[in-house]
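Engineer: Quick one: the structure is below, questions incoming.
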Amino acid sequence: MIPTVGEGEAVIELRRVHRFFGKTRAVDDISFAVARGSVFGYIGPNGAGKTTSMRILATLELPSYGDAIVDGFSVVNDPEMVRKRLGFMPDAFGTYANVNCAEYLDFFARSYGLVGRERTQRLKRVLEFTGAAGIAEKPIRGLSKGMKQRICLGRALMHDPAVLILDEPAAGLDPRARIELRKMIGALAAEGKTILISSHILTELAEMCDAVGIIEQGRLLATGSVEEIQRQRQQHRELTLRVMHGAAEAAERLGQRDDCLEIRVEGDWVRTAFSGDLAAQADVLRDLVEAGLPVAELTARTKSLEDVFLQVTEGLVQ
Amino acid sequence: MTGRTMERLDRWTERMGDWLNPILVKETRQTLKSRQFIVTFSLLLLAAWGWTAAAIAMSMPRIYYVPSGQPMLVGYYLVLAVPMLLVVPLAAHRSLAAEVDDGTLDLLSVTNLSPLQIITGKLASGGLQMMLYFVALMPCVAFCYVLRGVDLMTIGTLLGGTAEVATLLTVVGLFLAALPSGRGGQFVMMVVMLILIGIAEFAFGGFAIGMITQGGGEASGEWIFGIVASLLFTATVSAILLIAAAVQLAPPSENRSTPLRRALLVHQTAMTGCLAYAMLVLEADWQVIVPCVYYAAALWAVIGALMVGESGVLTPRVRRDLPGTFLGRALAVWLTPGPGTGLVFSVSCMLLFSLAAIGLLILSPSAPGDAIDRTLPHALTLGGYLMLFLSVTRWIMQLIRLRSVTHPGVAVAVLGLVASVAAIAPYSAALHLHDYRSFPWSHWQLTNWAWTIVELESGLSSDVPYLVFGSGATLFALNVVLLGRAVLPQRVATPERVLAERAAAERAAAERAAAEKSLAEGATVGFDSGAMR
Ligand SMILES: Nc1ncnc2c1ncn2[C@@H]1O[C@H](COP(=O)(O)OP(=O)(O)O)[C@@H](O)[C@H]1O
Ligand SMILES: [Mg+2]
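These protein sequence lines are chains A and B, in that order. For the first sequence, the working numbering assigns the number 1 to the initial residue and increments by one for each residue that follows. For the second sequence, the working numbering assigns the number 1001 to the initial residue and increments by one for each residue that follows.
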């Protein structure tokens, strides 16, 4: 059963993809699917196999075993069909000497087979979308990282592909540029593009992705929305209650419930690992208040995303 | 009026640009802005003017009554050779190598550009630069003609030949840049490139200067044949190298073998044709045949090794494009990728060429009676060794492929190893047995191809070539029977979606062409009516 992100037909689908470099298993049996219009975040530390699997999707690398399907076409058997539908932004952006931004984009537009007015219009639209119209005449070497990243996104968008593969687009960007990038990706997703985006920093992606997959040493360890992963990995949220002069009694009442475990009392504070949902949490509060206990505070803490990430990958990272 | 013309010109260039290779458009923009080009171009002009002034000053009074075109032209050739034979090929090599280095090749690969378009775009850009250098030097060349002493044929051959050699070097540069290599490999490629350029400068330079000073070029049949044959050679070899470079850049699931095999067939056919014309019509010396057989053997050894090193697994993508009919598949089977078909393909090409060579000797009016007896041993021995070593190489590659994925290039190394061992092992053994004193050839040295070939001329017993050929043929037959099982590959159906997509793309292209046409007609009509008003 292939985990699918989003609803409807899958546009990106990896089927048991393996890629070996000698003894290194860069990608080791990865399967997942992403439905049209969804944004899937691909998270893992350096060397996890993100770039390799994205290059396989972009038809630049062949899987040692398995296949990847983009919009119904196999990257192994029909790479040209895949290429027409796919915009790829690699982690390193290639630039040319003696070329300005407009010429650079124009060249790729030509390479994608756009001609005449279609090309000029597309070029204008891409420059506007990426906010690079002001730097069109500037030489591409010597642009700031953020500007280069815009041009590279523009290049990937030149042929208006339905699928975007973005390899660590936010790496090395200042916060402002990162926010701009997030806006652009949001706009693209709203246009119905299917996006696969990678990062080694979970928080970078959490807000823009419908779902994330956590990859480590070539294996996909978990997939789902950020909340789903948190629920999967951490059944117990931590509840902390402050009960004025009634902590012991509160702890006793909580002990009668079966969704509260590991109850500890420290002065006015009661801590418990809690496995219920939000409704159950409200229930706990009502219980205590109805019993006449003076509950002054209640905080529920889910583990931070980084915690989840560390927990998910623990034991594999030395 | 001028505004209008300009506008039309603009529109026209725009439209032309759409049809040009995008790489050519980009590289031209880059070149015109690059310091390297500007410096080379200015230096070329400066050197040409400098030489003109110096040469005129040196031959001052005589220049009015003695034809002085020759030394002038030699100087201009030397000035032209630097950008043509050095700068342009190196720039093309660096330009493709840089695309690989900077990762821009990946960006190009995911566009609609085919690998062959990428390569030919680079070649075209080199050609454009050559043309600019030519144009810059044109007045000087015309000046030489005015000074008398050189005829048009010489000038034409000189310029054409320079362009031909420069093109070939550029193609080689692109080929070397496309070969898979790490950082260290790139340095090696650069060195190889420089050595080849050095050889070409010397060889062609010697030819060019000799031709200018001795005035080689009268329009005889032989001269024209030489030009045609050299053009055919350059064209077919360039095609092979360009296709070889392109398949290096193509996705690994692509059929990387069949286009190359076709190009090789064309090359061999063209060269055989030239040889036949030379032997039968021009009655060339029959002794050219033997070097040609050696050339064929060397070619098919390297190519054969590469093909023997191919993977035996046909990807579905390759099998889709197999001929549709059983007969078609049976005929095209030796063009289908794979080590077994590769072995048979290269051996049969070699044998076919040898047969053609012998046939030419029989037909040739000028070959002496013993010509065949003196050529056949070479052909048999070389064919035998080719079958022997390629068969062994194929077996070794089969073993290697059982354990790991390898590159066909490895097979060339394996062939080299096999051939070296086959030559050195019996030699060292015999040397040891003879207490390190000199000893004569014996049948123990049969696998020692180097010595056997050398001995062929000094009269080995006449059974040796047959022995070599026989043992080679035995191994070859064994190979084909044991491992070949020349099962016809099964064709697989192309998925409906792919067919539909292709049909749609064709329809769109046709529609676009129609729209273009009507637009162009509309534009002309509009212009005419405008002019009438
Ligand atoms: N071309 C290659 N040759 C050999 N090993 C490679 C190659 N590409 C990637 N690898 C290895 O595969 C693993 C995954 O790399 P990569 O996909 O780049 O990871 P990520 O993008 O997640 O940082 C690494 O161990 C890397 O060294
Ligand atoms: Mg990476």
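C-beta atoms are modelled at their ideal positions from N, C-alpha and C, and glycine is treated no differently. As the structure is a prediction and not an experimental result, all values here were calculated from the model.
Got a sec: is the Cβ-Cβ distance from B/A1523 to anything in chain A below 7 Å?
Structural biologist: Unreliable positioning characterises B/A1523 in this predicted model, as indicated by a pLDDT of 47, which lies under 50. A coordinate reading is not provided.
Engineer: So, for A/A58: in the same chain, excluding its five sequence neighbours on each side, which residues have a beta-carbon less than 7 Å away from its beta-carbon?
Structural biologist: L86, F88 and I165
Engineer: With 7 Å set as the bound, which would you pick, yes or no: does the beta-carbon of A/P79 sit closer than that to a beta-carbon of chain B?
Structural biologist: yes
Engineer: At the 7 Å Cβ level, is A/G142 part of the contact set with chain B, yes or no?
Structural biologist: Output row for A/G142: interface = no.
Engineer: Assign B/G1198 to one of two classes, buried (16 or more other C-beta atoms within 10 Å of its C-beta) or exposed (fewer than that).
Structural biologist: exposed
Engineer: So, does the stretch 1158 to 1168 of chain B touch the stretch 1094 to 1113 of chain B, judging by three or more C-beta pairs under 8 Å?
Structural biologist: no
Engineer: Following a CB-centred definition, is A/K50 positioned closer than 6 Å to any heavy atom of ligand 1?
Structural biologist: yes
Engineer: Could you work out which residues of chain A lie near B/N1479, taking near to mean beta carbons separated by less than 7 Å?
Structural biologist: In chain order: nothing, as chain A lies at least about 29 Å away.
Engineer: Measuring CA to CA, which of A/H18, A/V126, A/G37 and A/Q281 is closest to A/L298?
Structural biologist: A/Q281
Engineer: With distances taken between CB atoms, is the gap from B/T1381 to B/P1316 smaller than 7 Å?
Structural biologist: no
Engineer: Within 10 Å of its beta-carbon, does A/G16 have 16 or more other beta-carbons around it, so buried, or fewer, so exposed?
Structural biologist: Looking at the sequence shown, residue 16 of chain A is not Gly but Arg. Looking at its Cβ environment, which holds fewer than 16 other Cβ atoms inside 10 Å, A/R16 is exposed.
Engineer: Give me the residue from B/G1149, B/L1351, B/T1258 and B/Y1385 with the minimum Cα distance to B/W1334.
Structural biologist: Among B/G1149, B/L1351, B/T1258 and B/Y1385, the Cα nearest to that of B/W1334 belongs to B/T1258.
Engineer: Contact between the stretch 1252 to 1268 of chain B and the stretch 1278 to 1291 of chain B: three or more CB pairs below 8 Å?
Structural biologist: no
Engineer: Rounding to the nearest angstrom, what Cα-Cα distance links B/P1337 and B/V1492 in this structure?
Structural biologist: 15 Å
Engineer: Closer than 6 Å to a non-hydrogen atom of ligand 2 - does that hold for the CB of A/D91?
Structural biologist: yes
Engineer: In the DSSP output, which residue or residues are listed as bridge partners for A/G41?
Structural biologist: A/I197 and A/V212
Engineer: Compute every distance between the C-beta of B/N1021 and the non-hydrogen atoms of ligand 3, then say whether any falls below 6 Å.
Structural biologist: With respect to ligand 3, the structure shown offers nothing to examine, as its ligands consist of ligand 1 and ligand 2.
Engineer: In angstroms, rounded to a whole number, what distance separates the CA positions of A/A92 and B/H1378?
Structural biologist: Between A/A92 and B/H1378, the C-alpha separation is close to 55 Å.
Engineer: For B/T1031 and B/M1130, what's the separation of their Cα atoms in angstroms?
Structural biologist: In this structure, the alpha-carbon of B/T1031 lies about 12 Å from that of B/M1130.
Engineer: Would you decide whether B/T1524 is buried or exposed? Buried here means 16 or more other CB atoms lie within 10 Å of its CB.
Structural biologist: Its pLDDT being 44, under 50, B/T1524 is placed unreliably by the model, and nothing is read from it.
Engineer: Taking only three categories from DSSP, how would you classify A/G87?
Structural biologist: strand
Engineer: Would you give the residue range spanned by the beta strand (DSSP E) that A/T243 belongs to?
Structural biologist: It should be pointed out that residue 243 of chain A corresponds to Val in this sequence rather than to Thr. The continuous beta strand (DSSP E) containing A/V243 extends over residues R237 to V243.
Engineer: Apply the 10 Å Cβ neighbour rule to B/K1026 and answer buried if 16 or more other Cβ atoms are within range, or exposed otherwise.
Structural biologist: Per the 10 Å Cβ criterion, buried.
Engineer: Would you say A/E103 lies against chain B (beta-carbon separation less than 7 Å)?
Structural biologist: Interface flag for A/E103 against chain B is set, since a Cβ pair is found closer than 7 Å.
Engineer: What does DSSP give as the partner residue(s) for A/S111 in the beta ladder?
Structural biologist: Paired residues: none, contrary to the question.
Engineer: Going by DSSP in three states, A/S74 sits in which element: helix, strand or coil?
Structural biologist: strand
Engineer: Let me know the secondary structure DSSP gives B/F1527 once reduced to three states.
Structural biologist: Unreliable placement is indicated for B/F1527, whose pLDDT of 39 sits below 50; no coordinate value is reported for it.
Engineer: I'd like to know if the stretch 176 to 193 of chain A and the stretch 110 to 120 of chain A are in contact, where contact means that at least 3 CB-CB pairs between them fall below 8 Å.
Structural biologist: No: fewer than three Cβ pairs fall under 8 Å.
Engineer: Find the residues of chain B that neighbour A/A97, judging by a C-beta separation of less than 8 Å, and give them in chain order.
Structural biologist: Q1030 and S1034
Engineer: Please compile the residues from chain A whose C-beta is within a distance smaller than 8 Å of the C-beta of B/V1110.
Structural biologist: A58, T59, L60, R83, L86 and F88
Engineer: With 7 Å set as the bound, which would you pick, yes or no: does the beta-carbon of A/V115 sit closer than that to a beta-carbon of chain B?
Structural biologist: Using a Cβ-Cβ cut-off of 7 Å, A/V115 counts as an interface residue toward chain B, since at least one Cβ of chain B sits closer than that to its own.
Engineer: Any idea which residues DSSP pairs A/N46 with across the strands?
Structural biologist: Partner(s): none; A/N46 has no beta bridge.
Engineer: Am I right that B/W1286 and B/L1361 are in contact with their C-beta atoms under 8 Å? What's the rounded C-beta distance?
Structural biologist: 6 Å
Engineer: Assuming the contact rule is C-beta atoms closer than 8 Å, A/I197 and A/L205 should be a hit. Round their C-beta distance to whole Å, please.
Structural biologist: 6 Å
Engineer: Can you list, in chain order, the residues of the stretch 1242 to 1254 of chain B whose Cβ is nearer than 7 Å to any Cβ on chain A?
Structural biologist: P1251, P1252 and S1253
Engineer: So, under 8 Å CB-CB, B/S1346 and B/W1300 are touching, yes? Tell me the CB distance rounded to an integer number of Å.
Structural biologist: 5 Å
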